[in-house]
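Numbers 1 to 324, taken from full-length UniProt numbering, label the letters of the sequence shown in order. Quick reminder that beta carbons are idealized off the backbone N, C-alpha and C, glycines included. These numbers were taken from a predicted model, which means no experiment stands behind them.
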Amino acid sequence: MAQKEANGSSNGEHTTRPPPTPSPLRFSKFFQANLRILVTGGAGFIGSHLVDKLMENEKHEVIVADNFFTGSKDNLKKWIGHPRFELIRHDVTQPLLVEVDQIYHLACPASPIFYKHNPVKTIKTNVIGTLNMLGLAKRVGARILLTSTSEVYGDPLEHPQTEAYWGNVNPIEIRIARIFNTYGPRMNIDDGRVVSNFIAQAVRGEPLTVQKPGTQTRSFCYVADMVNGLIKLMNGDNTGPINLGNPGEFTMLELAENVKELINPEVTVTMTENTPDDPRQRKPDITKAKEVLGWEPKIVLRDGLVLMEDDFRERLQVPKKNQA
Ligand code: UDP
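Next comes the structure, spelled out in structure tokens:
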């Protein structure tokens, strides 16, 4: 669909349609108190932190739909049994009918190890899963936020990347979060991502595996900042894609040095083979998020790494030396 048609404008100007109207039931006095929120992929890394934040608001009921392919009930254990919380084992490639006001659609494996495991299933999850959630949003009049990825910018020729760069694949009027590299507690230990690999390696006393050349850059956002951005995007008036990420940019060698210094100065750094087509650089341009959401990340990498270390030590059962 052409951009201008999707935006409801024939002269090329951007106009925004109002969101779908919620069912009249939602305005009845019995429903006023609570906002019902569906989080697909809510048992995953970012999803479960989002659920924590949403559950902190006593006026919210949260429904998680997750097939537990990469997510885990452990991530939600503090909410299981809570009267405002519901957990459904559900694969988003199948239709789902639930009366909700907001849908955060996060369901899809994000790590290459997992999304390459069954590429066709991954495509189905993205395409059919998103269609199912759009259908649900339309049917029940819910507001939907789709999580996208900075990977759509590929190996970028424009740096830092603005939302307008490449891709221009943005034909629908919904809220789209372009999530850049995010890290924090509850990342899968074997996720294969660089921060989880380095922290697990440092905690275990193994060499940190920097993939060649090591000068490639990424910008890492702490998960609590990411979740705040997602909630602001959902509750703000702006549709279309918005970059969410931390513009602090590091080479992988710098990241390894930071992890080594903060977590285990005794480990070595070793160079290993890289995968083909690894983007050489990535850094979000978050001007739009600052302007329209008033959002910017607060937690710097060195602080976030330490917060993540505690969680990894607990799960790997390797206490700090002075605590042993
Ligand atoms: N990387 C690394 N060592 C690892 C895992 C990844 O040096 O053990 C590098 C990888 O080559 C890439 C960067 O870290 O340049 C980020 O990789 P990740 O898979 O975490 O995220 P993405 O490539 O999706 O940004």
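{"Item": "Three or more C-beta pairs below 8 Å linking the region 211 to 226 and the region 240 to 260", "Value": "yes"}
{"Item": "Identified DSSP bridge partners for residue 241", "Value": "176"}
{"Item": "Exposure of residue 286, with buried meaning 16 or more beta-carbon neighbours within 10 Å", "Value": "buried"}
{"Item": "DSSP three-state assignment for residue 267, whether helix, strand or coil", "Value": "coil"}
{"Item": "Residue 70 Cβ short of 7 Å to ligand 1 heavy atom set", "Value": "no"}
{"Item": "Selected residue, minimal CA-CA separation from residue 214, among 161, 260, 269 and 237", "Value": "269"}
{"Item": "Through-space distance from residue 86 to residue 328, alpha-carbon basis", "Value": "Beyond the ends of the chain as shown, which are 1 and 324, falls residue 328; an answer cannot be given."}
{"Item": "Under the three-state DSSP convention, the category residue 229 falls into", "Value": "helix"}
{"Item": "Residue 252 Cβ short of 7 Å to ligand 1 heavy atom set", "Value": "yes"}
{"Item": "Cβ pair count under 8 Å reaching 3, the region 146 to 162 against the region 111 to 126", "Value": "no"}
{"Item": "The region 297 to 306 / the region 175 to 182 touching (three or more Cβ pairs under 8 Å)", "Value": "no"}
{"Item": "Whole-angstrom C-beta distance between residue 50 and residue 244, which should lie under 8 Å", "Value": "About 12 Å separates the two Cβ atoms, so there is no contact after all."}
{"Item": "Minimum C-alpha distance to residue 48 - residue among 184, 204 and 126", "Value": "184"}
{"Item": "Cβ separation of residue 107 and residue 72, assumed to be a contact under 8 Å, to the nearest whole Å", "Value": "No, residue 107 and residue 72 are not in contact; Cβ-Cβ is about 14 Å, not under 8 Å."}
{"Item": "Sequence-distant residues of its chain with Cβ nearer than 6 Å to residue 103 (five each side left out)", "Value": "38, 133, 137, 142 and 144"}
{"Item": "Alpha-carbon to alpha-carbon, residue 224 and residue 320", "Value": "24 Å"}
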